[in-house]
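Mapping the sequence shown onto my numbering, position 548 (from 1) lands on 548, and the numbers just tick up by one. Idealized CB from N, CA, C, for every residue including glycine. Shown next, in structure tokens, is the structure this report addresses.
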Amino acid sequence: MIDLGGTGLAAVAQNGAGLTLKLSGPHGAVVTTRLALEGAVLRAAVVEVILPAGTKLESVEYPFRSFYLCTGRDDGYLVLPSHEGCLIPTGPVKLGTTTFWAWADQSRGPQSFHTEHAPLLPFYGAQKGGAGYTAILETPDDFALRYLLNSTFQHIFAPQGKRSPYQQIACVWPMWLAQRGRLGYERRMRFEFAKPLDYVRMAKAYRREAIAQGHLVTLREKLKSRPQIKRLAGAPYLAYYAGYPHYPPGYPGLEYSYRQLADVIDDLAGPMGLRRAFVHFWGAYSLQPPRCLPFDPAPGSVDELAAIVKKCKERNFLFTLYNDVSAQLEETDFWEPALMGKSADGRFWPYRWRRTCPSQYVRLLARDFPKVVKRLGVEACYVDCINSSRMRECYDPDHPLTRSEDRRARLAFYEYVHSLGLVFGGEHAGWWNASALDYTNGVGSHARVSSLLTAFSVPLYHLVFHDALIAYCSAGDDYTVANGTAFEDKMLRDLLRGVPPMFFMNLRDHKKWRKKVRDSYAVLSDPVAAVMYDELLSHEWLTDDQMVQRTRFSSGVEITVNFDEVEREGLMGKGFCVRGLGGGVRRGAFKSGWALDG
């Protein structure tokens with residue numbers, strides 16, 4: 001690491017309305033940057049990096065820790081694009097007891113310095129006293145973000161028995177990643193200063209950028225080429241797991257039949273009364289990823305499976321199977337090192353999932369999936385693991401990729417899927433693929449995420465892209481997960497955001513979850529269907545402890561929820577109020593209790 005800040009300034013030159021600065025460091029390292037102030041907009045760029053002979057660039061952090069907030073002195077907050085979006089307040093906060101403990105302790109620990117390798121959106125911001133900035137990255141293929149979350153770096157000094165000498169601050173800044181060991185191209189961003197400014201206005205500032213860059217295509221536009229998208233309106237995401245893709249067919253305890261799956265569909269559409277559902281089956285194939293066909297004959301005939309797809313269509317449900325072209329599972333016969341991505345050191349990418357180089361995705365899916373579409377008549381496709389905002393470089397000489405080429409390869413994959421006439425989605429999301437995705441899961445946090453990044457969650461992604469895709473919650477905090485958000489709070493959270501519920505469950509456990517599926521459907525389906533094509537205009541906390549929140553949508557629908565256990569702001573504990581739907585105001589509340597003998 002070479003520090004070029006402080007006394008490293010070697011030259012300044014006027015450049016039109018701005019300045020060009022040369023920062024020099026040890027051994028002949030020189031970084032050329034540019035700053036230009038245009039009204040209330042500050043533009044910043046890294047223009048050139050010259051390194052000592054025999055060295056390679058890893059990253060450039062610039063502007064480094066600019067516009068930080070002083071914790072305890074500045075009563076404001078950072079706005080961060082982690083998970084669905086979050087705030088980092090720098091003044092006093094109100095939180096539940098154990099959450100408050102984590103908030104206090106983690107700000108003194110290593111969690112207070114965080115590198116976000118896969119930002120959900122290429123912007124961030126900060127405000128205090130109602131004034132602040134929105135920072136928009138204009139060249140977002142090769143970047144990460146770094147956060148100081150009310151940090152003093154105390155965790156560095158604690159092992160030495162010392163107190164940190166640093167001031168406690170909150171700050172976010174870009175880390176521009178090298179392109180194959182060099183800068184590669186000019187890196188640009190801008191700071192838009194404004195007053196008044198809050199996180200909603202920041203999200204809307206980036207929404208304008210997304211529209212200008214072609215990253216936002218609305219669901220109404222997508223509907224013209226894929227009319228089956230309308231069946232996602234208010235549809236709970238019901239993923240039924242039968243061992244695939246983790247194990248080959250017949251894994252003990254996960255045996256199943258197509259008759260079982262057909263009975264589930266009949267139950268959903270019959271006694272349970274669902275008029276909408278997105279059924280996602282994790283099974284049916286005999287070969288593990290990145291292969292799939294032939295179909296597994298043990299659960300029944302292919303005709304039975306095709307009949308299930310037809311049954312779903314007749315009941316206004318959408319059906320998809322699980323696919324993954326990114327996996328290379330070492331325990332299978334389909335381990336193909338020639339297809340794997342390689343790092344700069346020549347090593348293969350290590351993780352089992354997202355191990356295949358994206359340059360291979362289209363070829364792998366095209367090998368089998370058109371036959372699946374033709375034989376079953378499926379109208380939707382799910383491909384796991386490939387939608388994250390984290391781009392990677394592949395150094396395999398047979399299929400090298402920069403991060404920009406990685407992004408283009410994945411967009412080409414989406415285009416191929418759409419050419420088959422299919423609704424497409426998968427896991428995770430970003431800004432760069434919102435124009436192509438019709439739905440996804442993974443927009444949200446889960447129990448393993450640092451409390452600093454979850455204590456003050458806000459729906460930044462939905463404020464930008466709600467009308468572009470159905471952004472279901474994180475699979476790590478779906479409606480069957482008990483160690484994250486409570487079930488009733490998940491319902492209120494997703495109602496507020498205009499997002500249907502999501503369940504991941506074993507096929508054999510359908511009866512266990514059917515009441516919660518039905519309850520969540522009864523509360524969420526109609527309001528969420530009504531706002532499916534809407535822009536999410538606003539989100540606000542009506543109380544200073546986040547307990548009562550309100551959102552407004554472009555159709556005029558207004559949703560207010562109370563996460564508290566007791567009545568607040570005219571809403572019952574765990575209650576909600578939806579205005580603007582046909583038929584008047586809709587209210588309700590979660591009721592819990594025990595049935596006791598005697």
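Less than 8 angstroms separating the beta-carbons of arginine 403 and aspartate 142? yes
With a CB to CB cut of under 8 angstroms and the five nearest residues on each side skipped, what residues in its chain are close to arginine 99? Sequence check: residue 99 is threonine here, not arginine. Excluding residues within five positions, the ones whose Cβ falls inside 8 angstroms are Ser451 and Ala455.
Judging by CA-CA distance, which residue of Met572, Trp335, Leu293 and Met491 is the nearest neighbour of proline 370? Leu293
Which residues bound the alpha helix (DSSP H) around tryptophan 101? 97 to 106
If glycine 498 and leucine 536 are in contact, beta carbons under 8 angstroms, what's the gap, nearest whole angstrom? 6 angstroms
Contact under 8 angstroms by Cβ, valine 309 with valine 378: yes
Rank Lys374, Gly580, Gly76 and Val464 by C-alpha distance to the C-alpha of isoleucine 211 and give the top, closest one. Val464
Pop quiz: valine 531 and valine 557 are said to be a contact at Cβ under 8 angstroms. What is the actual Cβ separation, rounded to whole angstroms? 5 angstroms
Nearest-angstrom beta carbon gap, glycine 234 and proline 500 [assumed within contact, 8 angstroms]: 6 angstroms
Going residue by residue through the segment 365 to 433, where are the continuous beta strand (DSSP E) segments of at least 3 residues, counting only ones entirely within it? 380 to 383 and 423 to 427
Excluding the 5 residues preceding and the 5 following phenylalanine 348 in the sequence, name in chain order all residues of the same chain whose CB lies nearer than 8 angstroms to its CB. Pro337, Met340, Gly341, Lys342 and Arg355
Residue of Ala327, Ala131 and Arg275 minimising C-alpha distance to serine 606: Here the chain covers residues 1 to 598 and nothing more, so residue 606 does not appear.
Assuming alanine 135 and histidine 117 are in contact, meaning their beta carbons sit under 8 angstroms apart, how far apart are those beta carbons, in whole angstroms? Alanine 135 to histidine 117, Cβ: 18 angstroms. No contact.
Considering Cα atoms alone, identify which of Leu197, Gly161, Thr551 and Ala242 is closest to leucine 254. Ala242
Confirm the yes/no value for this check: CB of phenylalanine 153, any heavy atom of the ligand GTP, distance under 7 angstroms. Because no ligand of any kind appears in the structure shown, any question about the ligand GTP cannot be addressed here.
Measure the CB-CB distance between alanine 429 and leucine 120 and report whether it falls below 8 angstroms. yes
Using DSSP bridges, identify the partner residues of tyrosine 439. Gly425 and Ile470
What does the alpha-carbon distance come out to for the pair alanine 44 and tyrosine 62? 9 angstroms
Just how far apart, CA to CA, sit tyrosine 608 and phenylalanine 278? In the structure as shown, the chain begins at 1 and stops at 598. Residue 608 is therefore absent and cannot be evaluated.
By DSSP, does methionine 189 sit in helix, in strand, or in coil? strand
Could you tell me the distance, in whole angstroms, from the CA atom of proline 297 to the CA atom of cysteine 381? 21 angstroms
Considering only residues of the same chain and omitting the five flanking positions on each side of arginine 514, which have a CB-CB separation below 8 angstroms? Asp267 and Met272
Residue nearest to tyrosine 240 in terms of C-alpha spacing, selected from Tyr479, Arg552 and Gln549: Tyr479
So what does glutamine 127 bridge to, in DSSP terms? Tyr77 and Gly132
Own chain residues within Cβ distance below 6 angstroms of glutamate 304, not counting five before or after: Tyr258
On the three-state DSSP scale, how would you describe glycine 584? coil
Rounded C-alpha distance that separates glycine 214 from histidine 27: 43 angstroms
Cα-Cα, which of Val383, Asn441 and Asp398 is closest to valine 417? Val383
For the candidate residues Met175, Leu57 and Arg201, whose alpha-carbon lies nearest to that of methionine 189? Met175
Where do the N-terminal and C-terminal ends of the alpha helix (DSSP H) with serine 520 fall, by residue? 510 to 530
Beta-carbon within less than 8 angstroms of threonine 440's beta-carbon, same chain only, minus the 5 sequence neighbours each way: which residues are those? Asn387, Gly425, Gly426, Glu427, His428, Ala429, Leu469, Ile470, Ala471 and Tyr472
Rounded to the nearest angstrom, how far is the Cβ of arginine 291 from that of phenylalanine 334, given a contact under 8 angstroms? 5 angstroms
For the alpha helix (DSSP H) containing histidine 155, name the first residue and the last one. 154 to 157
Put leucine 460 into one of helix, strand or coil per three-state DSSP. helix
Secondary structure, beta strand (DSSP E): runs of 3+ residues fully inside the segment 6 to 75: 9 to 15, 18 to 24, 30 to 38, 41 to 50 and 59 to 61
Measure from the alpha carbon of tyrosine 185 to the alpha carbon of each residue in Gln14, Val49 and Asp494, then state which is nearest. Val49
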